[in-house]
Structures are given as C-alpha cells and as structure tokens.
Amino acid sequence: METIYKYALVILLLVVLFNLGQALYFMMTDKEGSKRTVWALTRRIGLSVLLILMVVFGIWMGWLHPHGVGQ
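In structure tokens, the structure reads:
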C-alpha cells in the first residue's frame, strides 16, 4: 500500500506541474479575454491542496516518514 501511495503522490505532482506548464502556454498564446489560463491555474491550486492533504494523511497513517532536517 505504501508504494502505491507514493506512486500516486508522484503522479499527482506531475499533473500539478503539467497544469502549471499548460497555464504558461495558454498565457503566452491566447488572446485577451480567454479564461483558459485562469482555469488551468485554478486546477493547479486545487490539485496542490489535494497533494498537501495526501502528504499529511500519509504521514498520519505512517506510510510516509519525514526525515527531520534541522533536528
């Protein structure tokens, strides 16, 4: 279960990065008044919040272990 969960986190991170790149592309190519950039950034924010919640849940369940930098 832990390995599948980690793969899901990596895939979600890649989707977030894809949405960020998509928003950059839309911003550079679309004409004024297009909402595609806004929607791509909105999806990225939602997916980033989901990613953070999944990391917190993984730590809480014991599937992810923080390495304790600075301790």
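Each residue of the sequence shown is one higher than the one before, starting from 1 at the first, in the UniProt record's numbering. All residues carry an ideal CB built from backbone N, CA and C; glycine is no exception.
Below 8 Å, too few C-beta pairs join the stretch 55-68 and the stretch 26-41 to call them touching: fewer than three.
If you draw a straight line from the Cα of D30 to the Cα of L24, it comes to about 10 Å. Straight through space, the alpha carbons of P66 and I45 are spaced by roughly 23 Å. If you look at K6, you'll find it in the alpha helix (DSSP H) that goes 2-29. In the displayed model, W60 falls within a helix according to three-state DSSP. V16 sits close to L51, with the two beta carbons spaced by under 8 Å.
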